[in-house]
Each structure stands twice: as C-alpha cells, then as structure tokens.
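In full-length UniProt numbering, the protein residues as written are 1 to 317. We put the beta carbon where it would ideally sit given N, CA and C, even for glycine.
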Ligand code: A3P
C-alpha cells in the first residue's frame, strides 16, 4: 500500500460519520481517523526504523500525555537534568516533545521524524497489528514499544469530556459515547482488542514490549519510571538513585506540576491536521472518575463487553 494509495484505500473502507470530532474508517478491524490512513500507508513504505527507536503506544485518553512526559524526561536526563529550570518540559507541552508517528507520516515531505536525535521517541495510537511489519516481525527491527493501558470506563469518560469541551461537541451525550465505545467505534477502537494485542506481544517478547497500566503508575510512579528506564536500556545508576533523579522525574511529570506550567495552561500544540489547547490534555488525572459520570448500569454494560475477550482478567503488569 503506497502512501498515494492511502486515500484510494480509505475511500473503499467502512466509514463512521456519527462520531463527533472527525470521520472514522474501519481498517484491519480497528476504527481509525480518516486523516491518519495515509500515514498508516506511509509507515509501511517510507518509515526507516532505527534500532534505538522507542514507540509509545496507547488508545487516546489512556495517559499518553503523561507517558510522553515521563519517557522524554527519562531518555533525555543526561542532556536535560529533570530538576533544572531550563528543562524542555517546563517550556513545551509533552505532545510537543514527542511527535505522533502515523499523523506526522501522513504528510509526505514532512521529515520531522528523520530529523529527531537518537533515541527517537515516537508516539502511536495504531494497534499492534497495523504497525509496519519491519517493527513487529521476528528478526525485524529491534525497536522497543511501551504501551499504556487504562480502565476502559475512565478512557471513555475522559474521551467524552474531551470531545465535548475541546472538539466543540457540547451536545454529545455519555450514552452516545458509550454505545460507540462498546461497538468499538472510537479512535483506535475496539479499545480492549487494542490493549490485548499489545498485552499478548508483551508476553511473547517482554524485552521488546512493555505493558504499563495507568492505575499502577498512579500508585507507584517511581516504580514505573525505573521500569521504563530499564526497558529503554538506560537504567538509573547508583549515583542517580542517590541524587534523587527518579523522584525528580516523577515530580517534573506529575499532574500537579505539569498543570501548573504556563505552557500547559495557555499553550497550544499544533499539528498539521489540527491544533489542540495543551490544557485539554489534563483534566483530573485520577482513577475511577467514571463513577461520577456513568450509572452502574452503564458501567456494567461496558464491563460486560470488555470482560468477554478477557482484558479485565489480565493480571497487572
Ligand atoms: P482524565 O480526563 O481522566 O483526567 P491522553 O494523554 O491519553 O489523552 O489521556 C488524558 C488523560 O490523562 C486525562 O485523564 C488526563 O487528565 C490524564 N493525565 C494527563 N497528564 C497526566 C499526569 N501527568 N498524571 C496523571 N494523569 C494525567
């Protein structure tokens, strides 16, 4: 599938237009933004993986912004000490520090990814099965992938409120959002199949795919930072541990700190396809807020849909 064939391909795929922010197309069993399809095609033909690349994968509203901040602060700590006043995360939003892979590639001629210094951190909402084969094939590239998974009920509520507020869809109801989510008709949906694919691969190749849970990260952020550093091949030294670098990263990337920064209060992240106020990527940053927006019946409906394929029964990573 050549990049130029992306548009052609898109026009032949099932389309969902009732989704408020943008039309979706169903490809490879997943619903993706129509505008991302050329990028999916280009990822297969134009993307040159480097062995040191690290992909940060997620369904939107699972904690992507937080994972970007932590991974960036961890990978670049030699160049940018996390306690330093000049740290890039104090001036730039996390989405400005780690680009989206498929959305950037959707624009031929945009060589922003090629220009990134190693190790490249690249974010993706693509399911594992739609990543370029060069990344996933046994014996293929030695890139690493970090996945962040979150309780689907919190993902749904977070997305619903994000769309209502940031995508000018004030009349979008939680009931509509729930039905679409349960039907898998949301960005990168079905969410549970997305998570299961990465979970499965993390069991098969734990040295290549790290499966993190948002709720666990909230409980033990320092543990998550250490695991991430080890996985990325840059574990903390005894001197760094003694100097409190892990806690510095946790504090730098905490919800409270990031939301206190001017760049995340008033700044905007501009992509080629749209612009989003940085503030809209931060709301409450807790586990279980779904119970303030969903009835027990709604929750049971979603739990039932998700339980069937077994995501809920997966042991914590
Ligand atoms: P809520 O809407 O439940 O508060 P994504 O980055 O994938 O779009 O996910 C957004 C969700 O992650 C939002 O959840 C947001 O508040 C939360 N979030 C953003 N930054 C965070 C941080 N530093 N710590 C914890 N949660 C964070």
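So does residue i have its beta carbon nearer than 7 Å to some heavy atom of the ligand ZN?
i           : result
residue 244 : Among the ligands in the structure shown, the ligand ZN does not appear; only the ligand A3P can be found there.
Can you tell me whether residue i is buried or exposed? The criterion is at least 16 other CB atoms within 10 Å of its CB, across all chains shown.
i           : result
residue 297 : exposed
residue 63  : buried
residue 316 : Reliability fails at residue 316, whose pLDDT of 38 lies under 50, so the model's placement of it is uncertain and the value that follows must be treated cautiously. With fewer than 16 other Cβ atoms within 10 Å, it is exposed.
residue 109 : exposed
residue 386 : The question about residue 386 has no answer here: the residues shown for the chain are numbered 1 through 317.
residue 286 : exposed
residue 263 : buried
residue 284 : exposed
residue 61  : buried
residue 12  : exposed
residue 144 : buried
residue 199 : buried
residue 65  : buried
residue 183 : exposed
residue 85  : exposed
Would you report the Cα separation of residue i and residue j, rounded to the nearest angstrom?
i           : j           : result
residue 161 : residue 101 : 25 Å
residue 103 : residue 96  : 13 Å
residue 234 : residue 77  : 10 Å
residue 221 : residue 236 : 15 Å
residue 268 : residue 277 : 4 Å
residue 1   : residue 44  : The predicted model places residue 1 with a pLDDT of 41, which falls under 50 and marks its position as unreliable; any figure quoted below should be read in that light. Computed Cα separation, rounded: 8 Å.
residue 3   : residue 240 : Model confidence at residue 3 stands at a pLDDT of 42, short of 50, so the residue's coordinates are unreliable and nothing is read from them.
residue 130 : residue 248 : 36 Å
residue 24  : residue 67  : 25 Å
residue 168 : residue 22  : 11 Å
residue 18  : residue 29  : 18 Å
residue 98  : residue 75  : 11 Å
residue 190 : residue 114 : 31 Å
residue 201 : residue 137 : 11 Å
residue 118 : residue 164 : 37 Å
residue 302 : residue 59  : 16 Å
residue 272 : residue 238 : 42 Å
residue 195 : residue 256 : 27 Å
residue 135 : residue 116 : 18 Å
residue 147 : residue 87  : 25 Å
residue 154 : residue 292 : 10 Å
residue 314 : residue 159 : Unreliable positioning characterises residue 314 in this predicted model, as indicated by a pLDDT of 47, which lies under 50. The coordinate reading is nonetheless provided below. Their backbone Cα atoms lie some 23 Å apart in a straight line.
residue 270 : residue 280 : 13 Å
residue 227 : residue 211 : 10 Å
Taking residue i as the reference, which of the options has the closest Cα?
i           : options           : result
residue 70  : 37, 78, 250, 265  : 250
residue 186 : 52, 293, 26       : 26
residue 40  : 22, 105, 305      : 105
residue 82  : 301, 253, 303     : 253
residue 193 : 272, 152, 56      : 152
residue 31  : 226, 180, 119, 85 : 180
residue 213 : 136, 149, 256     : 149
residue 90  : 207, 46, 165, 265 : 265
residue 139 : 121, 56, 51       : 51
residue 299 : 178, 259, 281, 36 : 178
residue 107 : 223, 35, 134, 215 : 35
residue 225 : 57, 292, 73       : 73
residue 16  : 42, 188, 203      : 188
residue 170 : 10, 14, 20        : 20
residue 54  : 33, 218, 122, 48  : 122
Threshold first: 3 residues or longer. Then list the beta strand (DSSP E) segments lying entirely within the region 128-188, N to C. 144-149
Considering only residues of the region 46-80, which uninterrupted alpha helix (DSSP H) runs meet the minimum length of 4 residues and lie entirely inside it, listed in chain order? 64-75
Would you mind listing the alpha helix (DSSP H) stretches within the region 208-290 that are 4+ residues and don't spill past its ends, in chain order? 214-219, 221-231, 238-243, 245-252, 255-260, 262-266
Contained beta strand (DSSP E) runs [length at least 3] in the region 12-51, N- to C-terminal order: 24-27, 30-33
Report the residue ranges of all alpha helix (DSSP H) runs contained in full by the region 78-110; include only those spanning at least 4 residues, in chain order. 94-97, 101-105
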